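So the protein lines, in turn, are chains X and S. Once you know that position 87 of the first sequence is 87 in the numbering used here, the rest is easy, because the numbers rise by one and skip nothing. Once you know that position 37 of the second sequence is 37 in the numbering used here, the rest is easy, because the numbers rise by one and skip nothing. Cβ atoms here follow ideal geometry from the backbone N, Cα and C, with glycine treated the same way. All of these numbers come straight from a predicted model, not from anything done at the bench.
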Amino acid sequence: TQLLEQSPQFLSIQEGENLTVYCNSSSVFSSLQWYRQEPGEGPVLLVTVVTGGEVKKLKRLTFQFGDARKDSSLHITAAQPGDTGLYLCAGADGNKLVFGAGTILRVKS
Amino acid sequence: EAGVAQSPRYKIIEKRQSVAFWCNPISGHATLYWYQQILGQGPKLLIQFQNNGVVDDSQLPKDRFSAERLKGVDSTLKIQPAKLEDSAVYLCASSPGATVEQFFGPGTRLTVL
Chain X
1 TQLLEQSPQF LSIQEGENLT VYCNSSSVFS SLQWYRQEPG EGPVLLVTVV
51 TGGEVKKLKR LTFQFGDARK DSSLHITAAQ PGDTGLYLCA GADGNKLVFG
101 AGTILRVKS
Chain S
1 EAGVAQSPRY KIIEKRQSVA FWCNPISGHA TLYWYQQILG QGPKLLIQFQ
51 NNGVVDDSQL PKDRFSAERL KGVDSTLKIQ PAKLEDSAVY LCASSPGATV
101 EQFFGPGTRL TVL
């Protein structure tokens with residue numbers, strides 16, 4: 001069974017701070033996705049990374065896929081209250097996704 | 001483009017009762033997924049359909065859960081009888097089939113008392 005571990009489980013920071021959340025596995029994935037989920041809503045796709053070592057930027061969010069395609073990180077610069085939510089990573093196994101437990105991020109103003 | 005629709009949004013039942021959830025995927029999406037998301041955990045795949053055929057139901061508790069996707073469009077997920085541990089958000093997602101990018105509905109929050 002492929003497992004994805006996310007850390008930290010919970011992060012509470014002040015507006016303007018930087019943060020990094022991690023997604024680690026002992027398994028290799030063909031691609032890895034990051035989703036953001038707000039209370040009462042379904043997850044929304046932020047990015048898909050495919051190539052080992054790949055770095056993608058989405059405004060203040062930077063996503064990196066590990067060289068061995070087993071781990072990934074999400075870095076947020078100058079966090080804003082609107083970034084508050086549950087951040088989920090998901091590894092692709094064929095056309096099936098395996099999700100981590102998520103990191104709950106709270107950004108206080 | 002309309003997103004994935006789910007109903008009801010909330011449901012409260014007593015244990016041993018039955019419940020059904022409905023999902024209408026994005027038009028033209030061949031693949032439909034049902035996930036269970038327990039509080040504090042990530043979504044867990046219950047069943048995956050490709051058109052109206054089942055691709056993967058290995059994690060579906062078949063003694064109490066059933067799902068169907070008649071005509072390859074809408075889908076229903078049923079629990080009969082419900083247990084306390086079934087309390088969770090049930091998410092439906094769809095994808096065009098050629099990619100792993102999945103689009104999620106808002107979910108149905110089930111509380112079993």
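- Separation of the CB atoms of L60/S and I47/S is rounded to 5 angstroms, and the pair is thereby assigned contact status at 8 angstroms.
- Restricting attention to beta strand (DSSP E) runs no shorter than 3 residues, the region 4 to 58 of chain S encloses them at 5 to 7, 10 to 13, 19 to 24, 31 to 37, 44 to 50, 53 to 56, ordered along the chain.
- For V55/S, the closest of N95/X, L4/X, K108/X by C-alpha to C-alpha distance is N95/X.
- A Cβ of chain X is located within less than 7 angstroms of the beta carbon of V100/S.
- One Cα belongs to L113/S, the other to C23/S, and the distance between them is close to 24 angstroms.
- Nearest C-alpha to A90/X among Q102/S, V89/S, R109/S, V4/S: Q102/S.
- Boundaries of the beta strand (DSSP E) harbouring V55/X: 55 to 58, taken from the DSSP string.
- Contiguous beta strand (DSSP E) elements confined to the region 69 to 104 of chain S occur at 75 to 79, 88 to 95, taking only those with 3 or more residues.
- Annotation for L45/X: Q33, Y35 place their beta carbon closer than 7 angstroms to its own, counting only its chain and skipping 5 residues before and after.
- Non-local beta-carbon contacts of Y87/X in its own chain, meaning distances under 7 angstroms to residues more than five positions away in sequence, involve V21, W34, R36, L74, G102, T103, L105 in chain order.
- With respect to chain X, the C-beta atom of L46/S has no partner C-beta closer than 7 angstroms.
- Between G105/S and G42/X, the C-beta gap is smaller than 7 angstroms, which places the two residues in contact.
- Taking a C-beta cut-off of 8 angstroms against chain S, the contacting residues of the region 39 to 64 of chain X are G40, E41, G42, P43, V44, L45, T48, listed in chain order.
- Between the alpha carbons of S72/X and Q17/S lies a distance of about 42 angstroms.
- Chain S has a Cβ within less than 7 angstroms of the Cβ of L88/X.
- Setting aside the 5 residues that flank it on each side, R69/X is surrounded in the same chain by V28, F29, G52, each with a C-beta closer than 7 angstroms to its C-beta; the list follows chain order.
- Taking a C-beta distance under 7 angstroms as the contact criterion, F21/S and L84/S do not qualify as a contact pair.
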